[in-house]
Amino acid sequence: MGADIDKSSVERAYARWAPVYDLVFGAVFDAGRRAAIMAAEEVCGPAGGRILEVGVGTGISLPEYAQKNRLVGVDLSEPMLRKAQDRVAELKLNNVDALAVMDAERMALPDRAFDVVVAQFVITAVPNPETTLDEFVRVTRPGGEIVLVNHIGAEAGPRRVFEVCFAPVARRLGWRPEFRFGRLADWAMRHGGVRLVEHRPMPPLGHFSLIRFARMAD
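Heads up: the sequence shown begins at 0 in numbering that gives the first Met the number 0, then just goes up one per residue.
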């Protein structure tokens, strides 16, 4: 599938959002954020593990992870990442090993380096979702998981009609409102190296979903 969002548009959109992102979206995304963190920590277990958060944004999630986990955050938006760096310094989050500007489709990170990759509200805001998901698998160890939280488009009905009509405007804001779960299921089938662990609607009103894929052994 061809890209219908370009990176420069995403960068511009999130540069505009950076000063007010937490205020506007913090409460709205809270349930999904907490669910993603709980899922990641479940995979890591009592001893903790290595977690990569792609699209770390302003770092709003980082203080909520247990200190036993080692965290790396990457984001395409430098203004958003500066907010995350300020948060890490202010809160003395010593378990954050690195924050870096990075393209989710081509991450300068080693293969199999992480127990979990967390991507919140990311997969509908990248030019090539399937390529990005492939990259998530690459950096996840066998037996580890990819944890997504995202708006998932309706299959039918008035919300589906609205999402399709709103899509051209939404693309200028940096996301795809009409992105359906079937696209993720098709990717997983084609990839062949992952299995669906969980797909659970999240508040508000089930417009968002928690989706977990496990990387299978080679």
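Even glycine gets a Cβ: it sits at the ideal position worked out from N, Cα and C.
In this text the structure is predicted, and so the values were computed from the model without any measurement.
Item	Value
Could you tell me if R194 is buried or exposed, where buried requires 16 or more neighbouring beta carbons within 10 angstroms of its beta carbon?	exposed
Taking 6 Å as the limit between beta carbons, can you name the residues of its chain near L132, skipping five residues before and five after?	W186
Can you find the residues in the same chain that come closer than 7 Å, C-beta to C-beta, to E41, ignoring five residues on each side of it along the sequence?	none
When the Cβ atoms of the stretch 30 to 39 are set against those of the stretch 54 to 66, are three or more pairs found closer than 8 Å?	yes
Are three or more beta carbon pairs between the stretch 89 to 100 and the stretch 116 to 125 nearer than 8 Å?	no
Hey, how far is the Cα of L75 from the Cα of D102?	5 Å
Would you kindly report the start and end of the unbroken alpha helix (DSSP H) that includes Q84?	77 to 90
Just how far apart, CA to CA, sit I210 and G47?	21 Å
Any idea what DSSP makes of G31, helix, strand or coil?	helix
Hey, L80 and L51 are a contact pair by Cβ (cut 8 Å); roughly how many whole angstroms apart?	At roughly 14 Å, the Cβ-Cβ gap does not stay under 8 Å, so L80 and L51 are not in contact.
Judging by CA-CA distance, which residue of S208, R179, M201, V196 is the nearest neighbour of R214?	V196
Would F113 and T139 qualify as a contact pair, given that the criterion is a beta-carbon distance under 8 Å?	yes
Could you compute how far the alpha carbon of P141 sits from the alpha carbon of L147?	17 Å
Checking 8 Å against the spacing of the C-beta atoms, do H150 and F207 come in under that value?	yes
Assign A155 to buried or exposed, taking buried as 16 or more other Cβ atoms, counted over all protein chains shown, within 10 Å of its Cβ.	Residue confidence is low: A155 scores 49 on pLDDT, short of 50, so the model does not pin down where it sits. No coordinate-derived value is stated.
When DSSP labels each residue in this structure, what does A155 get in the three-state scheme?	Below a pLDDT of 50, predicted positions are generally treated as unreliable, and A155, at 49, falls in that range; no measurement from the model is reported.
If we ignore side chains and look at the alpha-carbon of each, how far apart do M201 and T123 end up?	16 Å
Taking A251 as the reference, give the member of V87, E144, R182, G181 with the closest Cα.	Beyond the ends of the chain as shown, which are 0 and 217, falls residue 251; an answer cannot be given.
Alpha carbon to alpha carbon, what distance is there between R182 and I36?	24 Å
Would you check if the distance between the CB atom of K82 and the CB atom of G58 is smaller than 8 Å?	yes
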